[in-house]
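In my numbering, the protein residues as written are 1044 to 1306. Beta carbons: idealized from backbone N, C-alpha and C, even for Gly.
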Ligand SMILES: C[S@@+](CC[C@H](N)C(=O)[O-])C[C@H]1O[C@@H](n2cnc3c(N)ncnc32)[C@H](O)[C@@H]1O
């Protein structure tokens, strides 16, 4: 028969275990409820990679950020006529077997065109912060039977992509809408393979007019350790493609020492 002191030890152990497990239990229940709500609203889109550095680790930046207003920039017919995809693919050297991330994929204008270019042994990771846009894109990808497209949800400060998984990341008409650009760029870098690069397409307008002035873009990318390796006005539009080499994880500055740029 257990003694009184053994009873007390058992009671204390039980209390300590409850304290340790209660938050896990609550988080699990909340997670299940959230997952059910998302499942009712549509199909759940997962994060593909780990959570990295929070936005609060970076200095506060104060330049305007455009609102998210649409999952697509311009009509597909007009964009096809201008062949922006062809120009971006050539300048970035995107080819068969590559894994390419389409950050801010929206309704997938670039995703569905890159899929046949990277081919069956390559992959397109389509990422966005809007689960509703991604659900539409998932349906589009299914309808087209594209087997090499993976769809992942991101956060405004973190695309949540797997480490070392990507050769090239593109951000097409999305940069001016990124609410936490320093954190997003910082957290994107580990997802790129060594020698990886990112291509940013945007209009030469102010951010609130849904563009990014090239001087602002260069300043912000340099602040996080990215090095500009190409800049190409795209024919058929008032847009440009800026290409940057991605810093290694250790080549990035400390988050709190990132220099804040003005528009
Ligand atoms: C104007 S749409 C462009 C969509 C597509 N890239 C295209 O060229 O048609 C901008 C997209 O960027 C997405 N976006 C905005 N902020 C983002 C962020 N922090 N991370 C990922 N995507 C973001 C929006 O949800 C939207 O789908």
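Find out if the Cβ-Cβ distance for the pair residue i, residue j is shorter than 8 Å.
i            : j            : result
residue 1196 : residue 1088 : yes
residue 1134 : residue 1275 : yes
residue 1165 : residue 1206 : no
residue 1237 : residue 1191 : no
residue 1137 : residue 1160 : yes
residue 1252 : residue 1102 : no
residue 1213 : residue 1242 : yes
residue 1142 : residue 1180 : no
residue 1258 : residue 1106 : no
Suppose the cutoff is 8 Å on Cβ atoms and the five residues either side in sequence are ignored; what does the same chain contact list for residue i look like?
i            : result
residue 1277 : 1125, 1127, 1130, 1131, 1244, 1283 and 1284
Going by alpha carbons, who is nearest to residue i out of the options?
i            : options                   : result
residue 1200 : 1090, 1095 and 1086       : 1095
residue 1144 : 1294, 1250, 1225 and 1240 : 1240
residue 1097 : 1230, 1161, 1155 and 1160 : 1230
residue 1222 : 1147, 1296 and 1233       : 1147
residue 1090 : 1203, 1251, 1228 and 1109 : 1203
residue 1294 : 1266, 1258 and 1254       : 1266
residue 1264 : 1247, 1246 and 1296       : 1296
residue 1306 : 1248, 1280 and 1290       : 1248
residue 1280 : 1216, 1155 and 1198       : 1216
residue 1172 : 1259, 1099, 1110 and 1101 : 1110
residue 1290 : 1256, 1184, 1301 and 1235 : 1235
residue 1168 : 1100, 1092 and 1250       : 1092
residue 1112 : 1099, 1261, 1162 and 1149 : 1149
Ignore the nearest five residues each way along the sequence and tell me which others in residue i's own chain have a CB closer than 7 Å to its CB.
i            : result
residue 1152 : 1115, 1119 and 1122
residue 1292 : 1232 and 1233
residue 1104 : 1225 and 1303
residue 1254 : 1219, 1245, 1246, 1247 and 1248
Below 6 Å CB to CB, which residues in the same chain sit around residue i once its five sequence neighbours on both sides are set aside?
i            : result
residue 1288 : 1240, 1270 and 1272
residue 1182 : none
**Request:** Write down every uninterrupted run of the alpha helix (DSSP H) in the segment 1110 to 1156 whose length is 4 residues or greater and which is fully enclosed by it, in chain order.
**Result:** 1119 to 1125 and 1127 to 1135
**Message:** Suppose only complete runs of 4+ residues qualify. What are the alpha helix (DSSP H) ranges in the segment 1160 to 1213, listed by chain order?
**Reply:** 1174 to 1187
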